[in-house]
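Anchor point for the sequence shown: position 32 equals 32 in my numbering, and the numbering is continuous, going up by one each time. Beta carbons are placed, not taken as given, at the ideal position from N, Cα and C, and that holds for glycine. Structure, as structure tokens:
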Amino acid sequence: MSTEQWRRIGELFEKALALTQAERADFLAACCQGDAVVRAELESLLAHARPEDSLFSNMPEHPSASEAD
């Protein structure tokens, strides 16, 4: 798989995690048109994903004033 495909998978994975199961099928169909490799990898990742798998899951919801600077 190319570097570009992995970059795209990372971006799409983050977006797909925010969706419900029902919304994901339509999302994958729309964003993976013609790229069966990317779609298959996303489906595999999503099948094993947990909510905490997001890249942003460990960020505080409201950073303190000292963290915001």
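Among the residues of its own chain, which have a CB less than 7 Å from the CB of V38, if the five just before and after it don't count?
On the sequence shown, residue 38 is found 38 positions in, with the first residue counted as 1. Once the five neighbours on either side are set aside, the close Cβ partners of V38 are Q5, R8, I9, C32.
Quick check: L28 and A16, are their CB atoms within less than 8 Å of each other?
As a first step, residue 28 is located in the sequence shown; it is residue number 28 there, counting from the start. As a first step, residue 16 is located in the sequence shown; it is residue number 16 there, counting from the start. For the 8 Å CB-CB criterion, L28 and A16 form a contact.
Tell me, to the nearest whole angstrom, how far the beta carbon of L12 is from that of L42; I am working on the premise that it is less than 8 Å.
For the purposes of this step, residue 12 is taken as the residue at position 12 of the sequence shown. For the purposes of this step, residue 42 is taken as the residue at position 42 of the sequence shown. At roughly 6 Å, the Cβ-Cβ gap stays under 8 Å, so L12 and L42 are in contact.
To the nearest angstrom, how far is it from the Cα of Q21 to the Cα of A40?
As a working mapping, residue 21 is identified with position 21 in the sequence shown. As a working mapping, residue 40 is identified with position 40 in the sequence shown. Cα to Cα, the separation comes out at about 16 Å.
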